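Trainee: Numbering (full-length UniProt numbering), first residue to last: 1 to 61. Don't be surprised by glycine CBs; every beta carbon is placed ideally from N, CA and C. Small disclaimer: the values here were computed from a predicted structure and weren't measured. Below: one structure in structure tokens.
Given below as structure tokens:
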């Protein structure tokens with residue numbers, strides 16, 4: 001993400017016309033990667049809790 005923002009700043013200084021497009025695209029990309037990371041984490045947490053529940057049920061039996 002830091003690299004992406006560095007590229008954006010370079011573009012702002014060199015090509016001011018395309019800078020706005022670059023910024024919006026990079027922001028969207030950053031948000032997308034952030035969302036997928038959060039989704040992946042929550043999915044792993046769900047799997048972990050499901051596994052724990054199965055383990056608890058197995059202990060009761």
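How many Å lie between residue 37 and residue 54 at the Cα?
Mentor: The residue you call residue 37 lines up with position 37 of the chain shown. The residue you call residue 54 lines up with position 54 of the chain shown. Going from the Cα of residue 37 to the Cα of residue 54 covers about 26 Å.
Trainee: Could you tell me the alpha carbon to alpha carbon distance between residue 29 and residue 58, rounded to whole angstroms?
Mentor: Counting from 1 along the chain shown, the entry for residue 29 is found at position 29. Counting from 1 along the chain shown, the entry for residue 58 is found at position 58. Between residue 29 and residue 58, the C-alpha separation is close to 43 Å.
Trainee: When you compare only the Cα positions, how much space is there between residue 42 and residue 27?
Mentor: Mapped onto the chain shown, residue 42 falls at position 42. Mapped onto the chain shown, residue 27 falls at position 27. Whole-angstrom Cα-Cα distance: 22 Å.
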